[in-house]
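Chemist:
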Amino acid sequence: MKALILISKLLSLAFVTCAQSFNGTWEGKLQVTVQLRVVLMITTSTDGTLKATLQSPDQSSALIFADTCFIKNDSLFLTAKKYAVSFKGKLNGLNTMHGFFTQGKDYPLTLNKVTSISELKRPQTPRPPFNYHSEEITFHNSDHSIQFAGTLSWP
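The sequence shown begins at 38 in our numbering and counts up by one.
1. Using beta-carbon positions only, say whether Leu146 and Val76 come within less than 8 Å of one another.
2. Quick check on the burial criterion: 16 or more other C-beta atoms within 10 angstroms. Buried or exposed for Lys150?
3. Does the distance from the CB of Leu73 to the CB of Gln92 come in under 8 Å?
4. Can you tell me which of the three DSSP states Ser98 falls into?
5. Under 8 Å, do Phe176 and Phe185 count as touching if we go by C-beta distance?
6. Going by C-alpha to C-alpha distance, which of Ala103, Leu131, Ser171 and Asn132 sits closest to Ser123?
7. Count the other CB atoms within 10 Å of the CB of Ala99; is the residue buried (16 or more) or exposed (fewer)?
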């Protein structure tokens, strides 16, 4: 009986250790007609249950909650039935997971463990230093009842 309890404790410790290696934020790029970032966030609750959320920050800030999420050996399996999405990935080292993202079709997806989600580069929102001159200007109409403002830019 003591041996059975010991084996049970060792197995649960192995599961928790394995689950902890999957815990965290994972990010990768999915190549469909365009390239989209995919973010997978995995946590383990106090009762050992895995919870996962997916996000495609290039499309929306909305989170997709996984209906099922489980680990078998060194592989992660999750599904989000509402969106007909699934992911099957195998841990490769501590910080990389190779697998397939499925939504109507299988797409290869490599996820890397990250400390923060990469920022989307938006060329329509430039950040200094600019390669041109600019000056904020304001002026009023003749009776000072309306104020106009804008940015004057020149090469």
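Each residue gets a CB set at the ideal place from its N, CA and C atoms; glycine is no exception.
Just so you know, these numbers come straight off a predicted model, no measurement behind them.
Modeler: On the basis of the supplied data:
1. No; because the gap between Cβ atoms is not below 8 Å, this pair is not in contact.
2. buried
3. no
4. coil
5. Pairing Phe176 with Phe185 gives a Cβ-Cβ distance under 8 Å.
6. Ala103
7. exposed
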